[in-house]
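Trainee:
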Amino acid sequence: MNREQVIVRTSIIGILANVLLAAFKAAVGVLSGSIAIVLDAVNNLSDALSSIITIIGTRLAGKKPDKKHPYGHGRIEIITAVVISVIVLYAGVTSFGESVKKIIHPVTPDYSVPALVIIAVAVVVKILLGQYVKATGEKVKSDSLIASGEDARLDAVISASTLVAAIIYLLSHLSLEAWLGAVISIIIIKSGVEMLRGSVSQIVGERMDSELTKAIQQTILTFPDVSGAYDLILHDYGPNTVIGSVHIEVPETMGVTELARLERQITEKVMKEHRVVLAGISVYVKTGLNSRSSLVMRRVRKIVMEHENVIQMHGFFLDEELKEMHFDIIIDFDQKNRIEEYRQICSEVQQAFPEYRVTITLDADVSD
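Quick note on the working numbering: the sequence shown kicks off at 1 and runs consecutively.
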């Protein structure tokens with residue numbers, strides 16, 4: 001069974017479970033006059049709708065690449081997650097409005113033993129469903145399923161709270177239904193906002209997983225001729241579609257034929273071990289330890305690395321013929337005045353080596 005089939009099957013199970021729970025809760029809520037149970041039922045319906053949208057999004061994301069979308073349609077899954085987040089947020093806002101009305105105009109609930117049993121069963125079902133959906137989502141790397149699983153586990157807590165309120169009412173005749181409904185609504189709203197924030201963050205572009213970037217760099221460094229791997233940039237176009245580029249440091253004596261062979265071998269190994277396509281491999285030259293370039297580089301490195309916010313310096317190249325010096329630095333994003341510090345470094349290096357035209361590239365800290 002492929003990834004798409006697993007997601008669809010899991011979503012169908014979620015739809016069936018949520019529709020049944022919604023029907024039971026709605027019936028119990030109406031008969032008992034419990035706004036909290038009715039709102040809980042509405043939340044179950046929104047969960048079922050989320051599963052339907054997940055299926056549609058997965059189908060669309062699974063479409064083959066075409067001329068207009070050469071990298072496929074995988075990012076539709078992120079859009080799906082945004083839609084689900086908006087639905088959850090809307091459900092929370094609507095529920096909060098209904099709860100406020102009940103607080104202003106209270107209705108006395110009428111609980112029965114069957115109602116409490118159904119709520120208790122719903123708690124167990126939601127816990128199991130949430131664990132199953134989330135685990136499946138993590139296994140197939142589906143953000144929509146992971147979000148649905150978390151939502152289901154949250155529903156279990158909400159249902160448990162409703163059960164507690166019912167017990168309190170039966171024991172003390174103190175009705176907390178409307179207030180509980182408001183609390184439930186706030187929790188739903190909070191969940192929707194967090195889900196939306198996470199999805200939007202993905203659309204903007206997040207830092208890639210450090211385990212993946214470090215693993216790719218280690219794979220590249222297994223080649224004897226490669227002494228460094230820098231500026232690894234990865235672009236995520238959806239499940240199993242990650243495309244990137246990297247700079248490798250190789251000996252200055254390496255010929256073009258050897259370099260072409262090395263780049264091909266690196267590309268094949270990274271694809272085989274990490275399912276990442278390296279669309280571009282650029283080269284930094286490593287000079288001999290006792291060369292003029294190496295001696296200058298050590299002096300420059302000392303100047304640069306005295307700045308505590310500098311994470312890395314790499315790609316050093318000294319052109320004696322044109323009297324030019326080039327290298328890259330990475331300054332921590334936590335440094336508020338990155339540009340000022342960059343300019344200060346440029347000035348210090350230029351003053352130390354006035355005979356060269358110094359060009360320093362400020363790289364972004366895009367991967368670990």
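Just so it is clear, CB atoms sit at the ideal spot from N, CA and C, and this is done for glycine as well. Every value quoted in this text rests on a predicted model; they were computed, and no experiment measured them.
#1: Roughly how many angstroms separate the alpha carbons of S185 and V42, rounded to a whole number?
#2: On a CA-only basis, which of I188, T219, A215 and I233 is nearest I206? Give me that one, please.
#3: Measuring CB to CB, does E138 end up less than 8 Å from I127?
#4: For K25, is the classification buried or exposed, using 16 other Cβ atoms within 10 angstroms of its Cβ as the cut-off for buried?
#5: Closest to A279 by C-alpha separation, out of A91, M271 and Q344, would be which residue?
#6: Please say whether S148 and I87 have beta carbons closer to each other than 8 Å?
#7: Between which two residues does the alpha helix (DSSP H) carrying Y284 extend?
#8: For a test of the three-state rule: what should DSSP assign to G137, helix, strand or coil?
#9: Under 8 Å: do the region 71–79 and the region 163–174 share three or more Cβ pairs, one atom per stretch?
#10: Is there contact between the region 194–211 and the region 316–336, where contact requires at least three CB pairs shorter than 8 Å?
#11: Just list the residues that DSSP pairs H326 with in beta bridges.
#12: Going residue by residue through the region 226–262, where are the continuous beta strand (DSSP E) segments of at least 3 residues, counting only ones entirely within it?
#13: Helix, strand or coil for Q202? Go by DSSP, reduced to three states.
#14: Opposite V310 in the DSSP bridges: which residues?
#15: Helix, strand or coil for V371? Go by DSSP, reduced to three states.
#16: In terms of alpha-carbon separation, which member of G33, E249 and L163 lies closest to V123?
#17: Take every Cβ of the region 281–288, pair it with every Cβ of the region 300–310, and state whether three or more of those distances are shorter than 8 Å.
#18: Using CA atoms only, rank isn't needed, just tell me which of A17, K64 and D365 is closest to S210.
#19: Where K63 and V8 are concerned, what is the direct C-alpha to C-alpha distance, given to the nearest angstrom?
#20: Taking the beta carbon of D66 as the centre, do at least 16 other beta carbons fall within 10 Å, making it buried, or is it exposed?
#21: Give me, in chain order, the residues of the same chain whose beta-carbon lies closer than 7 Å to that of V100; leave out the 5 immediate sequence neighbours on both sides.
#22: Are N44 and L21 close, meaning C-beta to C-beta below 8 Å?
#23: Near I187, what residues of its chain come up, given a Cβ to Cβ distance below 6 Å and the 5 sequence neighbours on each side ignored?
#24: Starting from the C-beta of A61, find all residues in its chain whose C-beta is less than 7 Å away, skip the five residues before and the five after it, and write them out in chain order.
#25: Put T219 into one of helix, strand or coil per three-state DSSP.
#26: Would you tell me roughly how many angstroms separate the C-alpha atoms of L318 and I79, rounded to the nearest one?
#27: Take the Cβ of T359 as the centre, count every other Cβ of all protein chains shown within 10 Å, and call the residue buried at 16 or more, exposed below.
Mentor: The structure says:
#1: Distance between the alpha carbons of S185 and V42 is about 11 Å.
#2: Before going on, a small fix: residue 206 reads as Glu here, not Ile. Residue I233 is the option with its Cα nearest to E206.
#3: No, they are not a contact pair.
#4: Buried.
#5: Closest by alpha carbon: M271.
#6: No. Outside cutoff.
#7: Where Y284 is concerned, there is no enclosing alpha helix (DSSP H), although the beta strand (DSSP E) it sits in stretches over V276 to K286.
#8: Secondary structure at G137: helix, using DSSP grouped into helix, strand and coil.
#9: Taking 8 Å as the limit for Cβ pairs, the verdict is that the region 163–174 does not touch the region 71–79.
#10: No, the region 194–211 is not in contact with the region 316–336.
#11: Bridge partners of H326: F317 and T359.
#12: Qualifying beta strand (DSSP E) stretches, in chain order: 228–236 and 242–251.
#13: Here Q202 sits in helix by DSSP.
#14: Residue pairing by DSSP puts V310 in a beta bridge opposite I331.
#15: Any question about residue 371 goes unanswered here, given that the chain covers just 1 to 368.
#16: The option with the nearest alpha carbon to V123 is L163.
#17: Proximity of the region 281–288 to the region 300–310 falls short of the contact definition, fewer than three beta-carbon pairs being nearer than 8 Å.
#18: Per the Cα distances, D365.
#19: Inter-residue distance for K63 and V8 is about 15 Å (C-alpha atoms, whole angstroms).
#20: With fewer than 16 Cβ atoms within 10 Å of its Cβ, D66 is classed as exposed.
#21: Counting only Cβ-Cβ distances below 7 Å, and skipping sequence neighbours, we find A182.
#22: Between N44 and L21, the C-beta gap is smaller than 8 Å, which places the two residues in contact.
#23: For I187, where only same-chain residues beyond five positions count, there are no Cβ hits under 6 Å.
#24: Short of 7 Å from the beta carbon of A61, and not among the five residues preceding or following it, lie these beta carbons of its own chain, in chain order: H73, G74, I76, E77 and G238.
#25: Assignment of T219 by DSSP, reduced to helix, strand and coil, places it in the helix class.
#26: Whole-angstrom Cα-Cα distance: 47 Å.
#27: Around the beta carbon of T359, fewer than 16 other beta carbons lie within 10 angstroms, which makes this residue exposed.
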